[in-house]
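Structure, as structure tokens:
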Amino acid sequence: MWLPLILMTIAVVMIFINRYAAILILTFLTGMTDAYLSVPNGPNQALSNRELVIEGNITEVKTNETTLRLTLEVDHAGPDTISMVRIKPHSVSLVSNNPEFEAEIGQKLKLKTKLTPLTAIRDLPDEIDFADFAARKQIYLGAFFTRKQIIAIQPPGHLRALLNSSSEQLTRCISESALSPFAKEFMISALAGDTSDLSDTSRKLFTNAGISHVLAISGLHVGIIAFVISILLWPLYIMGFGRVRNIATIAVVWTYAFIIGFPASVARAALMATIYLAGRLMQRRSSPLNSLAFAALCILLFSPEAILQPGFQLSFAAVFAIIVLAGRMNPVSPRKRIAYNIASYVCVTLSAVIGTGLLTVFYFHSFPVYFLLGNILSALLLPFVIGGGIAMIIFNFTGLDSTLLCQVLNLLCEAIKSTCEFITALPGSSIDGIYLQKWIIIPAAASFIAIKLALDSKERKSICLTSVATVILMISCCFIASDCLTPEPRIYVARNKHHTDIIFPSNTELKIVTTAPNEPLNVTSRAEFRYRDYMQKRNIPSINVDT
242 MWLPLILMTI AVVMIFINRY AAILILTFLT GMTDAYLSVP NGPNQALSNR
292 ELVIEGNITE VKTNETTLRL TLEVDHAGPD TISMVRIKPH SVSLVSNNPE
342 FEAEIGQKLK LKTKLTPLTA IRDLPDEIDF ADFAARKQIY LGAFFTRKQI
392 IAIQPPGHLR ALLNSSSEQL TRCISESALS PFAKEFMISA LAGDTSDLSD
442 TSRKLFTNAG ISHVLAISGL HVGIIAFVIS ILLWPLYIMG FGRVRNIATI
492 AVVWTYAFII GFPASVARAA LMATIYLAGR LMQRRSSPLN SLAFAALCIL
542 LFSPEAILQP GFQLSFAAVF AIIVLAGRMN PVSPRKRIAY NIASYVCVTL
592 SAVIGTGLLT VFYFHSFPVY FLLGNILSAL LLPFVIGGGI AMIIFNFTGL
642 DSTLLCQVLN LLCEAIKSTC EFITALPGSS IDGIYLQKWI IIPAAASFIA
692 IKLALDSKER KSICLTSVAT VILMISCCFI ASDCLTPEPR IYVARNKHHT
742 DIIFPSNTEL KIVTTAPNEP LNVTSRAEFR YRDYMQKRNI PSINVDT
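Okay, structure coming up:
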């Protein structure tokens, strides 16, 4: 409670000095309190280890060859169907060994089961477990269930059903097109927001090139879509119907956000676009920072726990940094329009990396070195890819032939892929195995403020000195904050359902002797995922599996 008490004391003092600052501090304190009350920080003891009837809405569905995993937001519970009462919503993880069981997002599910706390089972230090990923989503309880345990399942509401149907049609339209397999992967991820079918090779390729954000729908995609729609509606502007054009653009942006399920990045971009275009409709100027703050306020009012999600943090940090730094970093005069626009690409990319670089390293333990090259090249191609994808979807829905357009899109997607492969092949394309402690945010915030003040002064000497000092400070802090360990002189026996793994760690490799005679590749792939943090923290470069 020390942080809220300090903030409350500062707010009381600031009332007599600066009421505006006091209001800001109290608002921030209210938001902290709301998030604390709304977000669970551990398993609910009233629901744990008891045979209960639970009811809630399915919010996530994931299937593989052998299992089905559901995320259920439980809002009713009780010892039986008659004694059920409304409870504070809690997300739980449900697993079934029947992957053919049909479930979709938005369905209401009622079943009798025993929820138990999700605890990470680690045979090696720093081993990755599902419970770690679940805790990031504030999921602390889970259970296995069978079809017999289900008491009732209701179809999703009309709005949710329409949303699911629209998303499925969009994905099916892309899947049934004449695009190449990689182009379909890319389009489904970048336009439909479905990354479930994206291969691990593609993910790693884009991550190492520093452009993984193009695979996840963000404000960049929404901005491109709004730009494409405004170009298509240009005749309305010429005919004197500029307001109709802006209203239509807002409607299309929100329709698109609705179809893909309102992720935080898209909701933020849609709100900012709406505020900007509404300002033009009313012939008033809009403040980018005010628009960003309003978008954050709207999202957090309905979902306070979103502030703890990496996607929310990365999205708002990137836009905040672009608004604050990009314009000040551009050394070219706006009068030189071509040179100014080219420099803007570089400045926007640098600003976004300054805003999100530390968060990226903290969450994903990796930093792409040639991010600038990858982002500049992808930024030139992405508008044509997104615009062409929209045109292809329109062609397919209207029954027009899109074969030629698909061939062009295949070339553009291959160009993006070739760019990623070229950047990844460069020496030292990414720095992996960076593990930071949370206190690193303090010098990072100080560095950001120093850069902003230096850019405001517009003195070259000040900018250079601040940039050099900031780089030195951040590199030093990263070395201090990183957890670099050496392999322990131990032998580990890893628990698996179908075989036994004996693990011998050393400085050169992770040696695994397994009783799975025909599955060395599967053992290797599982080990690369489960023991990734263990290996990177101890600089173990490779895995050697022996049957």
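The working numbering numbers the first residue of the sequence shown as 242 and each following residue consecutively.
Quick reminder that beta carbons are idealized off the backbone N, C-alpha and C, glycines included.
Taken in chain order, the complete alpha helix (DSSP H) segments of 4 or more residues contained in the stretch 402 to 445 are 422 to 433. If you look at S643, you'll find it isn't in any alpha helix (DSSP H); DSSP assigns it neither H nor E.
For S670 against N405, the beta-carbon gap comes to about 39 Å, at or over 8 Å, which does not count as contact. V560 is the residue among V560, I548 and Q550 whose C-alpha sits nearest the C-alpha of N531. A residue is called buried when at least 16 other Cβ atoms come within 10 angstroms of its Cβ; E343 does not meet this threshold and is exposed. In terms of Cα proximity to G628, the closest of Q678, A519 and A431 is A431. Pairing I391 with L350 gives a Cβ-Cβ distance under 8 Å.
The beta carbon of I429 sits closer than 6 Å to those of T412, I415 and D435, all from its chain and outside the five residues before and after it, given in chain order. Between the C-alpha atoms of L696 and A567 there is a straight-line separation of about 10 Å. Looking at the DSSP output, E314 bridges to N298 and S332. Annotation for A511: V463, V494, W495 and A498 place their beta carbon closer than 7 Å to its own, counting only its chain and skipping 5 residues before and after. Within 10 angstroms of the beta-carbon of H331 lie 16 or more other beta-carbons, which makes it buried.
Looking at the backbone, the Cα of E750 and that of V786 are separated by about 10 Å. Our two residues, G481 and T490, have alpha carbons roughly 16 Å apart in a direct line. D673 is bridged by DSSP to S607. Bridge pairing for E292: K355 [DSSP]. In the DSSP assignment, Q777 falls within the unbroken alpha helix (DSSP H) covering R773 to K778. Nearest Cα to S556 within the set L542, A537 and P572: A537.
Residue environment analysis places N582 among the exposed positions, since fewer than 16 neighbouring C-beta atoms fall within 10 angstroms of its C-beta. Here D742 carries a strand assignment [DSSP, helix/strand/coil]. In the displayed model, Q678 falls within coil according to three-state DSSP, outside both helix and strand.
Taking 8 Å as the cut-off, the Cβ atoms of S619 and T665 do not count as close.
With contacts defined as CB atoms closer than 8 Å, A276 and P545 qualify as a contacting pair. Pairing I247 with I540, the inter-Cα distance amounts to about 27 Å.
DSSP places F638 in the uninterrupted alpha helix (DSSP H) bounded by F612 to T639. From the listed residues Y381, T387, I516 and N780, the smallest Cα separation to T354 is found for T387. Residue ranges of uninterrupted alpha helix (DSSP H) with 4 or more members, entirely inside the stretch 448 to 516 and ordered along the chain, are 460 to 473, 475 to 479 and 483 to 500. Using a Cβ distance threshold of 8 Å, F385 and V336 count as a contacting pair. Judged by DSSP in its simplified three-state form, Q390 adopts helix.
Of the candidates H739, I690 and H606, H606 places its Cα closest to the Cα of D673. Here T300 has T312, L313, E314, S332 and I346 as same chain residues with Cβ atoms under 8 Å from its own Cβ, once five neighbours each way along the sequence are excluded. Between the alpha carbons of L518 and S574 lies a gap of roughly 26 Å. Take the alpha-carbon of P572 and the one of A687: they are about 24 Å apart. For N531, the uninterrupted alpha helix (DSSP H) segment begins and ends at P529 to F543. Within the DSSP bridge table, the entry for G272 names no partner. DSSP, reduced to helix, strand and coil, places L350 within a strand of the structure shown.
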